[in-house]
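Inspection log for the structure reproduced underneath, given as structure tokens.
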Amino acid sequence: MKIGIGNDHTAVDMKNAISEYMKELGHEVVNYGVDTTESCHYPEIGEKVGRAVAQGEVDCAVLICGTGVGISLAANKVNGVRAAVCSDTTTAHLVKEHNNANIIAFGARIVGIEKAKDIVKAYLDAEFQGGRHAIRVDMIAEIEQRK
Ligand code: RB5
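Residue numbers (our numbering): 1015 to 1161.
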């Protein structure tokens, strides 16, 4: 798959480790994040990655800031984005299976690199289950139309 990755200044080492890991798994990785620890604004990265996913530039994406929350909130403002914060592997596979999340996010200040790799693997290995879950995901898209 072609996978986007975005991060703020709190998550440069984590971004590099996760990028390498996803490449080892055989994926193409596109870096939309920052590469220095100079303070930056996570909403800019979240929006950029959200638009890349919504426009089909990449198949899905990983977002990382201090907590994973701010950067995912920003991405979720883009129509068509379903970004989910995951701090454990159970959440990571369920957000794909039930919510068809097209972005996962986590916090570099919350999870360590090995846990983050497990989260990414759980998400990438999972498949959307459709059925009743598709009805609910469609309902989320309908909310966007009522904006
Ligand atoms: C940056 O200090 C921090 O606020 C950011 O990385 C993130 O945790 C926001 O949600």
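Ideal Cβ positions, reconstructed from N, Cα and C, are used throughout, including at glycine.
Given the structure is predicted, the values throughout are model-derived calculations rather than measurements.
Query	Result
Three-state secondary structure (DSSP) of N1099	First, the amino acid is wrong: residue 1099 is Val here, not Asn. Looking at V1099 - three-state DSSP - the assignment turns out to be strand.
Pairwise C-alpha distance: V1092 and K1029	22 Å
Integer Cβ distance of G1121 from C1079, believed to fall under 8 Å	7 Å
Which listed residue (G1060, D1132, I1154) has its alpha carbon closest to that of Y1035	D1132
Buried/exposed call for D1022, threshold 16 Cβ in 10 Å	buried
Limits of the unbroken alpha helix (DSSP H) element including G1064	1056-1068
Contacts around Q1143, its chain only, beta-carbon distance under 8 Å, and the 5 residues preceding and following it disregarded	E1111, H1112
Any non-hydrogen atom of ligand 1 closer than 7 Å to Y1056 Cβ	yes
Residue(s) in a DSSP beta bridge with A1119	L1077, V1099
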